[in-house]
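These notes concern the structure reproduced below.
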Amino acid sequence: GESVGLHLPTLSVQEGDNSIINCAYSNSASDYFIWYKQESGKGPQFIIDIRSNMDKRQGQRVTVLLNKTVKHLSLQIAATQPGDSAVYFCAEHNTGKLIFGQGTTLQVKP
Amino acid sequence: DVKVTQSSRYLVKRTGEKVFLECVQDMDHENMFWYRQDPGLGLRLIYFSYDVKMKEKGDIPEGYSVSREKKERFSLILESASTNQTSMYLCASSPLRGAYGYTFGSGTRLTVV
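This is the structure we're talking about:
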């Protein structure tokens, strides 16, 4: 079956450093990918998305990279701040629905 | 901004009770979804709906039902709550059947005692 997975359950980074969160997906037919951020006690919030005809997309302090050859997605956060501490989920779109990964917890050390 | 509102943030119910979780979105989205979220298991799809009066089973529909009488409202029903339904429940909506992100509500943390 389909699965979307994140490589690491927890990532700890120093404030000000760059963070890279990785995600592997299994379905090469997936056409759209999205990253969500979920803070404690809240619902997931959209961060950035990318369609399968692109390999890179930049937002404010965030960049998503898509490597379709190895079915890999990554989220890069520049100059990580304490407010970035959260669980990050990737999701792929396939057969009309989003399929979510397990999530990576990002801890930012002051 | 799209808003997805879940009626309760925290809920405590007794085993065997019938429980209604309400979700309302204000952006005329066709698609609505119910997920539960448990540690180590991620987000699991319970039911979804692409239109009024439509419903489709997700990955874990057992013990749940849904109702979509109006486009903006999607209700999740636990017919007879059990302790293994203690979880965080998340409602989401999206505009079309195509590839778009979902907008989530804040979640309802349900405890069944």
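Just so you know, the sequences run in chain order F and E.
The opening residue of the first sequence carries number 61 in this note's numbering; numbering runs sequentially from there.
The opening residue of the second sequence carries number 496 in this note's numbering; numbering runs sequentially from there.
Quick reminder that beta carbons are idealized off the backbone N, C-alpha and C, glycines included.
Taking beta-carbon pairs under 8 Å, can you tell me which members of the segment 98 to 114 of chain F lie near chain E? 101, 102, 103, 104, 105, 106, 109 and 111
Would you check if the segment 153 to 160 of chain F and the segment 500 to 518 of chain E touch, i.e. whether three or more CB-CB distances between them fall below 8 Å? no
Any beta-carbon of chain F closer than 8 Å to the one on residue 542 of chain E? no
For residue 99 of chain F, which of F:165, F:84 and F:124 has the nearest alpha-carbon? That would be F:165, whose Cα lies nearest to the Cα of residue 99 of chain F.
Residue 510 of chain E - DSSP class collapsed to helix/strand/coil: coil
What are the boundary residues of the beta strand (DSSP E) that includes residue 146 of chain F? 146 to 154
Return yes when the Cβ of residue 525 of chain E is within less than 8 Å of the Cβ of residue 622 of chain E, no when it is not. Examination of residue 622 of chain E is not possible in this model, given that chain E is present from 496 through 608 alone.
For the beta strand (DSSP E) that contains residue 132 of chain F, what are its first and last residues? 132 to 137
Going by DSSP, which residues form a beta bridge with residue 116 of chain F? F:125
Given this structure, state the Cα-to-Cα distance separating residue 563 of chain E from residue 170 of chain F, to the nearest angstrom. Going by the C-alpha atoms only, they are around 47 Å apart.
Residue environment, residue 89 of chain F, which counts as buried when at least 16 other CB atoms sit within 10 Å: exposed
What residues from chain E crowd round residue 136 of chain F, counting only those whose CB sits closer than 8 Å? What residue 136 of chain F touches in chain E: nothing, since even the nearest Cβ is about 19 Å away.
To which residues of the same chain is residue 121 of chain F closer than 7 Å at the C-beta, ignoring the five residues directly before and after it? 137, 138 and 139
When the Cα atoms are used, what is the spatial distance from residue 582 of chain E to residue 596 of chain E? Here the C-alpha atom of residue 582 of chain E lies approximately 23 Å from the C-alpha atom of residue 596 of chain E.
Which one of F:168, F:149, F:163 and F:142 has the shortest CA to CA distance from residue 109 of chain F? Considering only alpha carbons, the answer is F:149.
Measuring CB to CB, does residue 126 of chain F end up less than 8 Å from residue 144 of chain F? It is not a contact, given that the beta carbons lie outside the stated cut-off.
What residues are listed by DSSP as bridge partners for residue 533 of chain E? E:537
In angstroms with no decimal places, state the Cα-to-Cα distance between residue 606 of chain E and residue 93 of chain F. 32 Å
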